[in-house]
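Enquirer:
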Amino acid sequence: MEAPVLKTPVTPKKSVGKTGVLLVNLGTPDSPSVPDVRKYLREFLMDGRVIDIPLIPRSLLVNGIIAPFRAPKSAKIYKELWTDTGSPLKYYGQVVERELQKALGDAYVVKLAMRYQSPTIEAGLREFRETGLTDIVIVPLFPQYASASTGSVYQKVMEIVKPWDVIPAIRFVNRFLEHPKFIEGFAQNARKYIASYDYDYFLFSYHGLPESQIRKGDVTKTICQFGDCCGTFHAMNQHCYRAQCFETTRLLVKALNIPEGKYITSFQSRLGSDPWIKPYTDEVIKELPGKGIKSVLAFSPAFVADCLETTIEVGVEYKELFEQAGGQHWQLVESLNDSPIWIEALVDLVKTA
Numbered sequence: 001m002e003a004p005v006l007k008t009p010v011t012p013k014k015s016v017g018k019t020g021v022l023l024v025n026l027g028t029p030d031s032p033s034v035p036d037v038r039k040y041l042r043e044f045l046m047d048g049r050v051i052d053i054p055l056i057p058r059s060l061l062v063n064g065i066i067a068p069f070r071a072p073k074s075a076k077i078y079k080e081l082w083t084d085t086g087s088p089l090k091y092y093g094q095v096v097e098r099e100l101q102k103a104l105g106d107a108y109v110v111k112l113a114m115r116y117q118s119p120t121i122e123a124g125l126r127e128f129r130e131t132g133l134t135d136i137v138i139v140p141l142f143p144q145y146a147s148a149s150t151g152s153v154y155q156k157v158m159e160i161v162k163p164w165d166v167i168p169a170i171r172f173v174n175r176f177l178e179h180p181k182f183i184e185g186f187a188q189n190a191r192k193y194i195a196s197y198d199y200d201y202f203l204f205s206y207h208g209l210p211e212s213q214i215r216k217g218d219v220t221k222t223i224c225q226f227g228d229c230c231g232t233f234h235a236m237n238q239h240c241y242r243a244q245c246f247e248t249t250r251l252l253v254k255a256l257n258i259p260e261g262k263y264i265t266s267f268q269s270r271l272g273s274d275p276w277i278k279p280y281t282d283e284v285i286k287e288l289p290g291k292g293i294k295s296v297l298a299f300s301p302a303f304v305a306d307c308l309e310t311t312i313e314v315g316v317e318y319k320e321l322f323e324q325a326g327g328q329h330w331q332l333v334e335s336l337n338d339s340p341i342w343i344e345a346l347v348d349l350v351k352t353a
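Numbering of the sequence shown is given in the numbering used here, commencing with residue 1 and proceeding in unit increments.
#1: How many Å lie between residue 220 and residue 264 at the Cα?
#2: So for residue 114, helix, strand or coil by DSSP?
#3: Can you list, in chain order, the stretches of the beta strand (DSSP E) that have 3 or more residues and sit fully within the segment 101-175?
#4: So within the segment 265-295, which uninterrupted beta strand (DSSP E) runs reach at least 3 residues, ignoring any that extend past its ends?
#5: Since residue 330 sits in a beta bridge, which residues does DSSP pair it with?
#6: Thinking C-beta only, is residue 139 closer than 9 Å to residue 353?
#7: Excluding sequence positions up to five away, which residues of its chain have a Cβ less than 8 Å from the Cβ of residue 128?
#8: For residue 205, count neighbouring Cβ atoms within 10 angstroms of its own Cβ and tell me buried if that reaches 16, exposed if not.
#9: Assign residue 83 to one of three DSSP states: helix, strand, or coil.
#10: Got a sec, what are the start and stop residues for the beta strand (DSSP E) residue 352 sits in?
#11: What does the Cβ neighbour count give for residue 231, buried or exposed, with the cut at 16 atoms within 10 Å?
#12: Here's a check: name, in chain order, each residue in its chain whose Cβ is nearer than 8 Å to the Cβ of residue 201, leaving out the five neighbours to either side.
#13: With DSSP as the reference, label residue 233 as helix, strand or coil.
#14: Tell me the DSSP bridge mates of residue 202?
#15: In terms of alpha-carbon separation, which member of 208, 87, 134 lies closest to residue 270?
#16: Taking residue 177 as the reference, which of 191, 246, 118 has the closest Cα?
#17: Provide the residue(s) that pair with residue 239 in DSSP beta bridges, ordered along the chain.
#18: So what does DSSP say about residue 28, is it helix, strand or coil?
#19: Taking just the CA atoms, how far does residue 334 sit from residue 323?
#20: Can you pull the DSSP bridge partners for residue 21?
#21: Can you tell me where the alpha helix (DSSP H) with residue 318 in it begins and where it stops?
#22: Do the CB positions of residue 190 and residue 252 come within less than 9 Å of each other?
#23: So what's residue 339 in DSSP terms, helix, strand or just coil?
#24: Could you tell me how far apart the beta carbons of residue 118 and residue 50 are, in whole angstroms, since I believe they sit closer than 8 Å?
#25: Report yes or no: is there a C-beta of chain D within less than 9 Å of the C-beta of residue 271?
#26: Span of the alpha helix (DSSP H) holding residue 306?
#27: So, are the CB atoms of residue 346 and residue 100 less than 9 Å apart?
#28: Please report the straight-line C-alpha distance between residue 67 and residue 144, rounded to a whole angstrom.
#29: For the segment 28-40 and the segment 183-199, state whether three or more C-beta atom pairs, one from each stretch, are separated by less than 8 Å.
#30: My output table needs one value for residue 10: the three-state DSSP class, helix, strand or coil.
#31: Work out the CA separation of residue 95 and residue 122 for me, nearest whole Å.
#32: How many angstroms separate the CA atom of residue 340 from the CA atom of residue 57?
#33: Of the choices 193, 179, 120, whose alpha-carbon is the least far from that of residue 330?
#34: Give the secondary structure of residue 210 by DSSP, where H, G and I count as helix, E and B as strand, and everything else as coil.
#35: Between 147, 279, 65, which has its C-alpha nearest residue 218's C-alpha?
#36: Spell out a yes or no on whether the segment 273-280 and the segment 307-316 are touching, meaning 3 or more CB-CB pairs, one atom from each, closer than 8 Å.
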């Protein structure tokens with residue numbers, strides 16, 4: 001009987017799949033109209049990680065008080081912010097989406113999403129799913145981790161993919177405040193102002209959070225004291241938003257060679273009567289001219305794209321507050337927006353996620 005001929009198994013060619021990259025920013029109304037602003041506020045503030053109280057009282061507060069009364073006022077401010085290209089936050093996000101796609105090449109598919117409103121996280125993930133991508137990198141565009149921002153993005157992504165039969169490999173960028181190109185991007189923007197004016201003082205203003213949220217993040221219940229606990233950055237406080245903000249300031253101060261005693265870290269945009277993390281930016285500003293400080297270079301390093309909180313709140317409202325208190329020169333350092341070094345930073349973040 002003739003022995004069977006054994007054939008060498010054919011090894012199938014390896015298929016190189018693409019990686020999906022979802023860039024997620026906070027969000028913006030679809031237009032500066034009152035209905036669109038109200039819709040945005042409702043979605044944003046009904047997030048249990050943003051206002052972390054039980055659902056029923058949160059719904060009564062947001063839908064019965066905040067959204068109806070705040071929407072008309074906010075709509076007026078959004079009209080000041082709006083440009084011919086629409087919302088700056090969304091516009092810069094779309095430019096970054098295109099530029100990052102070019103920089104990463106054909107092995108990646110880059111999509112922009114907003115945690116609230118459009119384009120939605122669900123739409124981006126659905127497109128990845130329908131095109132067969134099973135390797136996904138989520139990049140929340142928040143330099144410092146907070147439950148109300150990055151944590152909310154994590155939760156939303158997991159809620160969306162939870163019922164899928166095939167759940168893809170998902171990697172998250174947690175924070176990037178320490179990334180050298182993130183720091184250098186803000187430093188580059190600041191140097192042109194420093195070169196043309198001798199500033200008395202430097203203010204680093206970050207979006208605020210309720211103290212209660214910071215306490216919840218301290219799982220040891222021993223670290224967070226709202227004082228010197230943020231004086232250094234270490235393993236036990238590295239997830240604290242306030243500590244991360246102070247560390248961001250230290251890194252920028254070092255990059256710009258700002259002397260000790262000529263800068264401060266503060267927090268803006270508080271809402272409601274509960275205590276928020278301090279010091280409060282508006283209260284700090286009122287005191288500066290009385291200390292002989294007549295010129296300030298202001299930073300908003302919690303935002304990678306100019307938006308209402310940077311352009312209007314820090315750039316316009318705080319400037320007026322400073323001048324009313326006796327200040328003479330106030331300058332806002334713009335966000336990273338679509339700068340080349342920001343694209344380079346994102347490439348690094350995606351490839352090392």
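Each residue gets a CB set at the ideal place from its N, CA and C atoms; glycine is no exception.
Expert: Put simply:
#1: 28 Å
#2: strand
#3: 108-116, 135-140, 169-172
#4: none
#5: 296
#6: yes
#7: 20, 22, 109, 111, 136, 168
#8: buried
#9: strand
#10: Where residue 352 is concerned, there is no enclosing beta strand (DSSP E), given that its DSSP letter is neither H nor E.
#11: exposed
#12: 262, 263, 264, 288, 293, 295, 296, 297
#13: coil
#14: 263, 297
#15: 208
#16: 246
#17: None; residue 239 has no bridge partner.
#18: coil
#19: 20 Å
#20: 110, 137
#21: 318-324
#22: yes
#23: coil
#24: With a Cβ gap of about 18 Å, residue 118 and residue 50 do not count as contacting.
#25: Absence of chain D from the displayed structure is noted, only one protein chain being present.
#26: Neither: residue 306 is in no alpha helix (DSSP H) and is coded neither H nor E.
#27: yes
#28: 27 Å
#29: no
#30: Model confidence at residue 10 stands at a pLDDT of 44, short of 50, so the residue's coordinates are unreliable; what they give is reported in the following sentence. Here residue 10 sits in coil by DSSP.
#31: 21 Å
#32: 45 Å
#33: 193
#34: strand
#35: 147
#36: no
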